[in-house]
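Participant: Heads up, the first sequence is in full-length UniProt numbering, so the first residue is 1 and it goes up one at a time.
Even glycine gets a Cβ: it sits at the ideal position worked out from N, Cα and C.
These figures come from a predicted structure and were not determined experimentally.
My structure is below; once you've seen it, I'll send some questions.
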Amino acid sequence: MIKITLKDGKILEFNDPITAEEVAKSIGMGLYKAALAAKIDGQVKDLMTVIDRDCSLEILIWDDEGGRDTLRHTASHVLAQAVKRLYPNVKLAIGPAIENGFYYDFDADFPITPEILEKIEKEMEKIVKEGLRPERFVLPREEAIKYMKEKNEPYKVELIEDLPEGEEISFYTQGEFTDLCAGPHIPNTDKIKAIKLLSVAGAYWRGSEKNKMLQRIYGTAFTKKSDLENYLNMVEEAKKRDHRKLGRELELFAIHEEGPGFPFFYPKGMVVRNILESYWREVHAKWGYSEIKTPIILNERLWHQSGHWDHYKENMYFTQIDDQDYAVKPMNCPGAILVYKSQMHSYRELPLRLGELGLVHRHEISGALHGLMRVRAFTQDDAHIFMMPSQIKDEVLGVINLIDSFYKVFGFEYHVELSTRPEDSMGSDEDWENATNALIEALNAAGLEYKINEGDGAFYGPKIDFHLRDSIGRTWQCGTIQLDFQMPERFDLHYTGEDGEKHRPVMIHRVVFGSIERFMGILIEHYAGAFPTWLAPVQVRILPVTDRANEYAKGLEERLKEKGIRVESDLRNEKIGYKIREAQVQKIPYMLVLGDREVEAGSVSVRSRREGDLGQMSFDDFVNKVREEIDKKITYV
RNA sequence: GCCGGCUUAGCUCAAUGGCAGAGCAACUGACUUGUAAUCAGUAGGUUGUAGGUUCAAGUCCUAUAGCCGGCUCCA
1 MIKITLKDGK ILEFNDPITA EEVAKSIGMG LYKAALAAKI DGQVKDLMTV IDRDCSLEIL
61 IWDDEGGRDT LRHTASHVLA QAVKRLYPNV KLAIGPAIEN GFYYDFDADF PITPEILEKI
121 EKEMEKIVKE GLRPERFVLP REEAIKYMKE KNEPYKVELI EDLPEGEEIS FYTQGEFTDL
181 CAGPHIPNTD KIKAIKLLSV AGAYWRGSEK NKMLQRIYGT AFTKKSDLEN YLNMVEEAKK
241 RDHRKLGREL ELFAIHEEGP GFPFFYPKGM VVRNILESYW REVHAKWGYS EIKTPIILNE
301 RLWHQSGHWD HYKENMYFTQ IDDQDYAVKP MNCPGAILVY KSQMHSYREL PLRLGELGLV
361 HRHEISGALH GLMRVRAFTQ DDAHIFMMPS QIKDEVLGVI NLIDSFYKVF GFEYHVELST
421 RPEDSMGSDE DWENATNALI EALNAAGLEY KINEGDGAFY GPKIDFHLRD SIGRTWQCGT
481 IQLDFQMPER FDLHYTGEDG EKHRPVMIHR VVFGSIERFM GILIEHYAGA FPTWLAPVQV
541 RILPVTDRAN EYAKGLEERL KEKGIRVESD LRNEKIGYKI REAQVQKIPY MLVLGDREVE
601 AGSVSVRSRR EGDLGQMSFD DFVNKVREEI DKKITYV
């Protein structure tokens, strides 16, 4: 007797071994039809899996992540199968499901063009309709290698060779196509009701630039045609939020061909930027930071001492002054260290928090540039905290809380990663271990979930990274907290302890926004250009209905300016509908429509970007409403 | 940096190898207008740049720059 416990706690009993698919059928035909995979004792498996012992079972459908991934994984095999049918000489690499679809990497000796993509997609649709059932089989290692060698699939051979000893080596066959694969797969390709190839991109074999670049085909698949349409519409909508497009349309910033990676901020962008910076200063003053400003260009000597020359030279710009070698700073830390070093410090002063809105330049490779998100010159909202070792945990915790409180103001969701020692780094293993453990301790104390990003730390220390999402779901590192035992050593920093002896301080390097540029890029996409009133470059636009109201409008404009509200008037000889449309398109939070009635009553008619016509109110009521929104930083998303 | 694609007026986009165009924006004029686009007119271009093929190149070829999507890398 086999006892199978379902999700709802119900227990089914069977006399003989049975497939998960059959169990689904016994529960109901609806579930059977919708079923894509099975979660057996917590593991996602094929529906074809034979259950021969007591276990828990959950039938996974489209709404389950495991169900979606399984369907898309099979879709990637359909893609590979189609490619093999059309171009038998193409070599197969890997093809997993990813967040919104799947990809498969191929080694083809010809470029896969959009036209070829269309042909492949047609073939895929055929395969889907053929209703192929993936069949799983297992081979011992040597036979598996032999099998893939015979099929002339060198990448598969390499994959098998690198599988750990004792690992089961499984294959899936659907129709004439067989692929090395851990699974799981859906029971029939005809469950894929909508499939679409999206793009081709280069991708290094096994993600290393030392290896050959393969061609990666991205696609997505759904169980319903309408879901695919919805998804494509969603992607279209997301593209409208692209900060590069909105930056141009709303005249916030631009990047010109003359300065790739060097953004220009236009007047409206500078309003947003200046507000962010003054808010930053206000908060940091409260949190016990003082502010410094260090030079952009400093003698090359300093960068040898800091270790940047050895570990960061590739990313730096250099110049000469009076026959001496100088470097443009890629980081603010050495400057801050010189400030620290210029005075004696007592343990009583620690932790010493030196903030700096520092403009840094980094030579990023051209392919990495991306709007404001990845540039070659950016301002870090940096701070260097010098402290005693005993203060590490509290300080890191403090910075975590500071970052969290900042992101909450903007309504951001974030995730946290812990980046550990990279290959190219300096310092002893012991220092690195201590530093990494200190960060873990702080993360645990803060109760934060985090994922480990192996080998992605700074060359001088491990770091906690805060990632924010852009409009199409890519995440960007913004805030970071880096713990550093190396720089204090290199620069021979010290403080006088309670015992009157010299001691070595520890440093934290940290940013909240990350870079003002990147943060603004995220902000623009997050709000789709419709900034909350406190950040909006123009908060109120006054729209007289006819030129009879122009004088009244100008008077109100002055009075609003006196209240510290950013206002402008549209006195052009245009219809009111036209003026409103334009203000709306420019995402200005409030419009004041002024005609004969308002002039007569000395009132204002208010139109909100978000809620439309709010009707007439007194000038004072309007000012109070807007001021409250600004002062409380009220955000409607 | 690598792979693929793209680049035409300020913006969005047209133009079989055969006279470079439209809409919006700008400017001028008329309309004095009530909650998302009034009408008419004017101006705007060495088709990213440099070569080449051709009687003829926006269109084909080569190189190059920038951009877009990825890979790699990172705030």
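Would you kindly check if the distance between the Cβ of Leu443 and the Cβ of Leu418 is under 9 Å?
Facilitator: Yes, the pair counts as a contact, with Cβ atoms nearer than the cut-off.
Participant: For Ser170, which three-state DSSP category applies?
Facilitator: Correct three-state label for Ser170: strand.
Participant: Can you grab the Cα-Cα spacing for the pair Phe386 / Val511, in whole Å?
Facilitator: Going by the C-alpha atoms only, they are around 15 Å apart.
Participant: Tell me whether Asp190 sits in a helix, a strand or coil according to DSSP, three-state version.
Facilitator: It is helical.
Participant: Can you tell me whether Ile516 is buried or exposed? The criterion is at least 16 other CB atoms within 10 Å of its CB, across all chains shown.
Facilitator: Buried is the call here.
Participant: For the pair the region 25-40 and the region 58-75, tell me if three or more CB-CB distances fall below 8 Å.
Facilitator: Verdict: yes, contact present.
Participant: Would Gly307 pass as a contact of Arg504 if the rule is Cβ separation under 9 Å?
Facilitator: Not a contact, by the Cβ cut-off of 9 Å.
Participant: Suppose the cutoff is 7 Å on Cβ atoms and the five residues either side in sequence are ignored; what does the same chain contact list for Glu237 look like?
Facilitator: Excluding positions up to five away in sequence, the list is empty.
Participant: If you follow the beta strand (DSSP E) that Glu58 is part of, which residue opens it and which one closes it?
Facilitator: Segment Cys55 to Leu60, the beta strand (DSSP E) holding Glu58.
Participant: Whole angstroms are fine: how far does the CA of His185 sit from the CA of Glu364?
Facilitator: Cα to Cα, Glu364 sits roughly 41 Å from His185.
Participant: Are there 16 or more other CB atoms within 10 angstroms of the CB of Gly101, so buried, or fewer, so exposed?
Facilitator: Classification for Gly101: buried.
Participant: What is the rounded straight-line gap between the Cα of Arg155 and the Cα of Asn89?
Facilitator: According to the sequence provided, residue 155 is Tyr. The question's Arg does not apply to it. One C-alpha to the other measures close to 13 Å.
Participant: Whole angstroms is fine: what's the gap from Val50's alpha carbon to Asp484's?
Facilitator: Spanning the two alpha carbons is a distance of roughly 54 Å.
Participant: Let me make sure I understand the geometry here. Which of Met591, Trp476 and Thr220 has the alpha-carbon closest to that of Gly521?
Facilitator: The shortest C-alpha separation from Gly521 is found at Trp476.
Participant: In whole angstroms, what is the alpha-carbon distance linking Lys39 and Leu31?
Facilitator: Cα to Cα, the separation comes out at about 14 Å.
Participant: Would Ile195 and Phe106 qualify as a contact pair, given that the criterion is a beta-carbon distance under 9 Å?
Facilitator: No, the Cβ-Cβ distance between Ile195 and Phe106 is not below 9 Å.
Participant: Report the three-state DSSP secondary structure of Val78 (helix, strand or coil).
Facilitator: In this structure, Val78 counts as helix in the three-state DSSP scheme.
Participant: Looking only at its chain, what residues have a beta carbon closer than 7 Å to the beta carbon of Val626, apart from the 5 residues adjacent to it on each side?
Facilitator: So the qualifying residues of the chain are Thr533, Gln539, Val540, Ile565 and Tyr590.
Participant: Roughly how many angstroms lie between the CA atoms of Pro114 and Arg610, to the nearest whole one?
Facilitator: Cα-Cα distance, rounded: 41 Å.
Participant: Check each candidate in Arg273, Glu349 and Arg559 and name the one with the smallest Cα separation from Leu357.
Facilitator: Nearest C-alpha to Leu357: Arg273.
Participant: Can you tell which of Tyr103, Gly461 and Pro267 has its C-alpha closest to the C-alpha of Arg72?
Facilitator: The residue with the shortest Cα to Cα distance from Arg72 is Tyr103.
Participant: Name the residue from Lys151, Lys341, Lys575 and Ile588 whose alpha carbon lies nearest to the alpha carbon of Leu354.
Facilitator: For Leu354, the nearest C-alpha among the options comes from Lys341.
Participant: Determine the direct distance from the alpha carbon of Glu22 to that of Val375, and round the result to whole angstroms.
Facilitator: Approximately 55 Å between the Cα atoms of the pair.
Participant: Taking only three categories from DSSP, how would you classify Gly612?
Facilitator: Residue state, collapsed to three classes: strand.
Participant: Which residues does DSSP pair with Tyr326 in a beta bridge?
Facilitator: Bridge partners of Tyr326: Asn299 and Thr319.
Participant: To the nearest whole angstrom, what separates the beta carbons of Ile2 and Asp52, a pair I think is in contact under 8 Å?
Facilitator: That pair is a contact at about 7 Å.
Participant: Out of Gly28, Ala203, Lys119 and Ser346, which one is the CA nearest neighbour of Gly500?
Facilitator: For Gly500, the nearest C-alpha among the options comes from Ser346.
Participant: May I ask you to verify whether the region 79-98 touches the region 115-126, counting CB pairs closer than 8 Å and requiring at least 3?
Facilitator: Contact holds: three or more Cβ-Cβ distances are below 8 Å.
Participant: Which ranges does the alpha helix (DSSP H) cover as unbroken runs of at least 4 residues, wholly within the region 393-458, from first to last along the chain?
Facilitator: Correct list: 429-446.
Participant: With respect to the alpha helix (DSSP H) encompassing Lys245, which residues constitute its N-terminal and C-terminal limits?
Facilitator: Looking at the DSSP string, the run of the alpha helix (DSSP H) that includes Lys245 is His243 to Glu249.
Participant: Val540 lies in the beta strand (DSSP E); which residues open and close that run?
Facilitator: Val540 -> beta strand (DSSP E) spans Val540 to Pro544.
Participant: Starting from Ser226 and walking both ways along the alpha helix (DSSP H), at which residues does that stretch end?
Facilitator: It spans Lys225 to Lys240 - the alpha helix (DSSP H) in which Ser226 sits, taken as one unbroken run.
Participant: Pick out whichever of Leu132, Thr173, Ile452 and Trp432 has its Cα sitting closest to the Cα of Asp190.
Facilitator: It is Leu132 whose Cα lies nearest to the Cα of Asp190.
Participant: What does the Cβ neighbour count give for Arg548, buried or exposed, with the cut at 16 atoms within 10 Å?
Facilitator: The residue is exposed, with fewer than 16 neighbouring Cβ atoms inside 10 Å.
Participant: Going by CA-CA distance only, name the one from Val623, Arg518 and Ile524 that's closest to Arg248.
Facilitator: Selected option, being the one with the closest Cα: Ile524.
Participant: Are Thr420 and Gly457 closer than 9 Å when you measure CB to CB?
Facilitator: Contact: yes.
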